[in-house]
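Colleague: This structure is in structure tokens; I'll ask about it shortly.
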Amino acid sequence: MSDGIKKRISDALELPGDIVLNLPRVIVTGNISVFVENHKGIVEYDSDRIRINTAAGTVIVKGEGLLIKSLVADEVTIEGRLKLIEFEE
Amino acid sequence: MTIKGGPAVLFIKLWNYFRGYVIIKISGEYAERLLNQAALKSIYLWDVRRIDSKALIAGVSVSDFLSLSRLARKTRCRILILRKAGLFFLLNRARRRKVLLAGAGLFIAAVYFLSSFIWSIDVITQNPQLKEAVESDLRQWGLKEGTFKYHLDTKYYLDKILQQHKEVAWGEIRVKGSRLVIELIEKKMPPELEENTPCDIIASKDGIIEEIIPFKGEALVKPGDTVSAGDVLITGRVAIKSDQTREDLKNQADQTRVLLVHAGGIVKARTWYQKAVKIPLVKVENIPTGRVKKAYRLQLGKNVLKFQWGKVPFALYETETVEETRLLPESIGDVRFSIINCREVQTRRQFLGVEKAAQEAEKQLLEVLESLPEDIKITRKRMDFALDSDEKNVIGSLTLEVIEDIGREQEFN
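Laid out in structure tokens, this is it:
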């Protein structure tokens, strides 16, 4: 099934996108923490830049003193002084 | 394995603390790959921090560390242990410090040992004399401070207490930590002596003997005698008839020739009762007007603090509690909330006059008569009424002459 049809089903049935479309769920708490569920691995990790691979492209988190608070198979929590969260196709 | 964030992560951290964890330094060109591989293999990593362009610091549990180092070889990273932490390592280190372990063990043993003795004995009873007696008895029977509390036969001691102290109706012994609590409830001893205890019959009040019928023992008084309270009426010391005269026996007070019996009998005597009442000539009465106001009251203690809501618009009123609730359990404190009714009253003054006041006095005195015991026979009754010195009250006095049984049993000293 193509993503287009999936999206239309998801919209019609009001199903959450992260389940049907396998999209990441990104939860931001102020400027101190980002929680990414359903990620596909860390591409790059630096104290001022973290790139996380997801189904919706690469999520780039920029900030200062970034730290991976916890890392498991599909969840990652990043803490630090956040400045920017960006999606890269 | 899927691990959700929040409390689950905290739980894992706690678990890892117990099992022990290591802080490692990962150095290599592409450490991110190791992180991803670890995540895929369900190796939980936390507090990953970049220290320079080629090195990371992370935390990992002891059990995961081994599989991580295998992965590291594949991803061409080097792992260095920076610090070992957690209970596992703490105990490991403590294993080498034998004296410290021994000390801790000794401490626990000492606390356990010391708490297996009884350090205080509490006797809970209303009567301080009984308390003292039981305390000294227990000491005599070997139950004292420093007794080993295990295998303590509380039933044995309780039985002994109950046997020794007949006045104890109920008792309980329990061990509360290092405290031995003995709870005793005393029973009221009946005033009559047991059937076979030798005793005298004595006068309970002053009077003139009207009739004396001894069942057992020897009468010492005869009708017409005046006796005062405490006099022996029927004695339990009966002289055994022998050649000697009775006088001799009395002088010698020799118990072998005197039979001690439980004296009994009826001793009727003429006695007097007196009662006076004072009735004011002006009678003051509070008569309710029918107006009622409800108010709320918070009360601390019986007379400590009272808060009341709701204004009472009456100059004079009486209160009546409608509903009362305790806010705290009785053992914690006396705090009550109550709803009260305030009834307005009016004072009415009524001039009775000497005649009516005397009637009122008589009425009250007759009530006294009715409250007297039933086995009393009234032989003479006199009522007097007089005005008091400042002529504001009528004083009614009642004098009764009755015949009643004044005998009372008393054990020999």
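Those protein sequences? They're chains F and C, same order as listed.
Per the working numbering, residue 461 is the first one in the first sequence, and the count goes up by one each step.
Per the working numbering, residue 627 is the first one in the second sequence, and the count goes up by one each step.
Every residue gets a Cβ at the ideal spot worked out from N, C-alpha and C, and that includes glycine.
Could you please tell me which residues of the stretch 525-543 of chain F, in chain order, have their CB closer than 7 Å to any CB of chain C?
Modeller: Within the stretch 525-543 of chain F, the residues whose Cβ lies closer than 7 Å to some Cβ of chain C are LEU527, ILE528, LYS529, SER530, LEU531, VAL532, ALA533, ASP534, GLU535 and THR537, listed in chain order.
Colleague: Using a Cβ cut-off of 9 Å, pull out every chain F residue sitting near LEU671/C, in sequence order please.
Modeller: For the purposes of this step, residue 671/C is taken as residue 45 along the second sequence, with counting starting at 1. Under the 9 Å cutoff, chain F gives ILE528, SER530, LEU531 and VAL532.
Colleague: Considering only residues of the same chain and omitting the five flanking positions on each side of ILE545/F, which have a CB-CB separation below 6 Å?
Modeller: By one-based count along the first sequence, residue 545/F stands at place 85. Taken in chain order, the residues that qualify are VAL521.
Colleague: Identify the residues that DSSP records as bridge partners of ARG704/C: which are they?
Modeller: Residue numbering aside, residue 704/C sits at position 78 when the second sequence is read from its first letter. Per DSSP, SER653/C.
Colleague: Excluding the 5 residues preceding and the 5 following GLN881/C in the sequence, name in chain order all residues of the same chain whose CB lies nearer than 7 Å to its CB.
Modeller: One-based indexing of the second sequence puts residue 881/C at position 255. Caution is warranted here: a pLDDT of 48 is assigned to GLN881/C, below 50, making its placement in the model unreliable, and no coordinate value can be reported.
Colleague: Determine the contact status of GLN925/C and ARG952/C, defining contact as a CB-CB distance below 8 Å.
Modeller: Translated into the one-based positions of the second sequence, residue 925/C becomes position 299. Translated into the one-based positions of the second sequence, residue 952/C becomes position 326. The answer is no: Cβ separation not under 8 Å.
Colleague: Based on Cα-Cα distance, which residue from CYS968/C, GLU950/C, LEU954/C and LEU692/C lies nearest to PHE940/C?
Modeller: As a first step, residue 940/C must be located in the second sequence, where it is residue number 314. Residue CYS968/C is the option with its Cα nearest to PHE940/C.
Colleague: Can you tell me the Cβ-Cβ gap for ASP478/F and ARG468/F, rounded? I've got them flagged as a contact below 8 Å.
Modeller: If you number the first sequence from 1, residue 478/F lands on position 18. If you number the first sequence from 1, residue 468/F lands on position 8. No, ASP478/F and ARG468/F are not in contact; Cβ-Cβ is about 17 Å, not under 8 Å.
Colleague: Out of ILE487/F, ILE465/F, VAL503/F and ASN513/F, point me to the one whose CA is closest to GLU539/F's CA.
Modeller: For the purposes of this step, residue 539/F is taken as the residue at position 79 of the first sequence. The shortest C-alpha separation from GLU539/F is found at ILE487/F.
Colleague: Between the alpha carbons of THR947/C and GLU981/C, how many angstroms are there, rounded?
Modeller: Stepping through the second sequence from its first residue, residue 947/C is reached at position 321. Stepping through the second sequence from its first residue, residue 981/C is reached at position 355. So the alpha carbons of these two residues sit roughly 39 Å apart.
Colleague: Taking beta-carbon pairs under 8 Å, can you tell me which members of the stretch 652-670 of chain C lie near chain F?
Modeller: Per Cβ criterion, the list reads ALA657, GLU658, LEU661, ASN662, ALA664, ALA665, LEU666, SER668 and TYR670.
Colleague: Would you list the one or two residues that DSSP bridges to LYS920/C?
Modeller: The residue given as residue 920/C occupies position 294 in the second sequence. BP columns for LYS920/C point to ASN967/C.
Colleague: So with Cβ pairs under 8 Å, would you call PRO476/F a contact of chain C?
Modeller: The residue you call residue 476/F lines up with position 16 of the first sequence. Judged by the 8 Å Cβ criterion, PRO476/F is not in contact with chain C.
Colleague: Tell me, which residues are paired with ASP748/C by DSSP?
Modeller: Locating residue 748/C in the second sequence gives position 122, counting from the first residue. Note: ASP748/C sits in a beta bridge opposite VAL807/C.
Colleague: Could you give the uninterrupted runs of the beta strand (DSSP E) lying entirely in the stretch 967-996 of chain C, keeping only those of 3 residues or more?
Modeller: DSSP runs (the beta strand (DSSP E)) wholly in the stretch 967-996 of chain C: none.
Colleague: Would you call the stretch 725-739 of chain C and the stretch 678-697 of chain C in contact, with 3 or more CB pairs under 8 Å?
Modeller: Touching, no, given that fewer than three Cβ pairs across the two stretches are closer than 8 Å.
Colleague: From what residue to what residue does the alpha helix (DSSP H) around PRO754/C run?
Modeller: Indexing the second sequence from 1 puts residue 754/C at position 128. Start and end: 754-766.
Colleague: Starting from the C-beta of ASN1019/C, find all residues in its chain whose C-beta is less than 8 Å away, skip the five residues before and the five after it, and write them out in chain order.
Modeller: Along the second sequence, one-based indexing puts residue 1019/C at 393. Excluding residues within five positions, the ones whose Cβ falls inside 8 Å are LYS904, ILE905, PRO906, LEU907, ALA983 and LEU1013.
Colleague: Taking C-beta pairs closer than 7 Å, name the residues in chain C that GLU504/F reaches, listed in chain order.
Modeller: As a working mapping, residue 504/F is identified with position 44 in the first sequence. Going along chain C in sequence order, the residues near GLU504/F (Cβ under 7 Å) are GLU658.
Colleague: Here's a check: name, in chain order, each residue in its chain whose Cβ is nearer than 8 Å to the Cβ of ILE669/C, leaving out the five neighbours to either side.
Modeller: As a working mapping, residue 669/C is identified with position 43 in the second sequence. Answer for ILE669/C: VAL686, ASP690, SER693, LEU694 and LEU697, listed in chain order.
Colleague: Can you name the start and end residues of the beta strand (DSSP E) that VAL674/C belongs to?
Modeller: Sequence index remark: in the second sequence, residue 674/C carries index 48 (1-based). That run of the beta strand (DSSP E) goes 671-678.
Colleague: Strictly below 8 Å CB to CB, what residues from chain F border VAL686/C?
Modeller: Here residue 686/C refers to the residue found at position 60 of the second sequence. Within chain F, no residue comes near VAL686/C; the closest Cβ sits about 10 Å away, beyond 8 Å.
Colleague: What do you get for TRP672/C, buried or exposed, if any count of 16 or more other CB atoms within 10 angstroms of its CB means buried?
Modeller: Counting from 1 along the second sequence, the entry for residue 672/C is found at position 46. Flag for TRP672/C reads buried.
Colleague: Which residue's Cα is closest to the Cα of ASP851/C: VAL648/C, GLU950/C, ARG896/C and ARG723/C?
Modeller: The residue given as residue 851/C occupies position 225 in the second sequence. Checked all of VAL648/C, GLU950/C, ARG896/C and ARG723/C; the closest Cα to ASP851/C is ARG896/C.
Colleague: Which residue comes first and which comes last in the beta strand (DSSP E) that contains THR897/C?
Modeller: To locate residue 897/C, count along the second sequence from 1; it is residue 271. First-last of the beta strand (DSSP E) with THR897/C: 890-906.
Colleague: ASN482/F bridges to which residues according to DSSP?
Modeller: Within the first sequence, numbered from 1, the residue matching residue 482/F stands at position 22. DSSP lists no partner for ASN482/F.
Colleague: So, does the CB of ARG704/C fall closer than 8 Å to a CB anywhere in chain F?
Modeller: To locate residue 704/C, count along the second sequence from 1; it is residue 78. No, ARG704/C lies away from the interface with chain F (no Cβ there is under 8 Å from its Cβ).
Colleague: Excluding sequence positions up to five away, which residues of its chain have a Cβ less than 6 Å from the Cβ of ARG675/C?
Modeller: Locating residue 675/C in the second sequence gives position 49, where the first residue counts as 1. So the qualifying residues of the chain are ILE683.
Colleague: Give the C-beta separation of LYS775/C and PHE743/C to the nearest angstrom, bearing in mind that I take them to be a contact with Cβ-Cβ under 8 Å.
Modeller: Stepping through the second sequence from its first residue, residue 775/C is reached at position 149. Stepping through the second sequence from its first residue, residue 743/C is reached at position 117. Rounded, the Cβ-Cβ distance is 6 Å, consistent with contact.
Colleague: For a test of the three-state rule: what should DSSP assign to ASP832/C, helix, strand or coil?
Modeller: One-based indexing of the second sequence puts residue 832/C at position 206. Three-state DSSP puts ASP832/C in coil, outside helix and strand.
Colleague: Let's test the definition: count the other Cβ atoms within 10 Å of the Cβ of GLU793/C and tell me whether it reaches 16, buried, or not, exposed.
Modeller: Sequence index remark: in the second sequence, residue 793/C carries index 167 (1-based). It counts as exposed.
Colleague: Please determine if the stretch 822-831 of chain C and the stretch 750-766 of chain C are in contact, where contact requires at least 3 C-beta pairs separated by less than 8 Å.
Modeller: Output reads no: the stretch 750-766 of chain C does not touch the stretch 822-831 of chain C.
Colleague: For the stretch 650-664 of chain C against the stretch 492-504 of chain F, are there 3 or more C-beta pairs whose distance is under 8 Å?
Modeller: Result yes; three or more Cβ-Cβ pairs closer than 8 Å.
Colleague: Can you find the residues in the same chain that come closer than 8 Å, C-beta to C-beta, to LEU481/F, ignoring five residues on each side of it along the sequence?
Modeller: As a first step, residue 481/F must be located in the first sequence, where it is residue number 21. Cβ neighbours of LEU481/F beyond the five flanking positions: ASP463, LYS466, LYS467, SER470 and ALA515.
Colleague: Could you check where the alpha helix (DSSP H) with THR951/C kicks off and where it finishes?
Modeller: Here residue 951/C refers to the residue found at position 325 of the second sequence. Segment 943-952 is the beta strand (DSSP E) holding THR951/C; no alpha helix (DSSP H) there.
Colleague: Could you check what DSSP says for GLY843/C in three-state terms: helix, strand or coil?
Modeller: What you label residue 843/C is simply residue 217 of the second sequence in a count that begins at 1. Coil at GLY843/C, not helix or strand.
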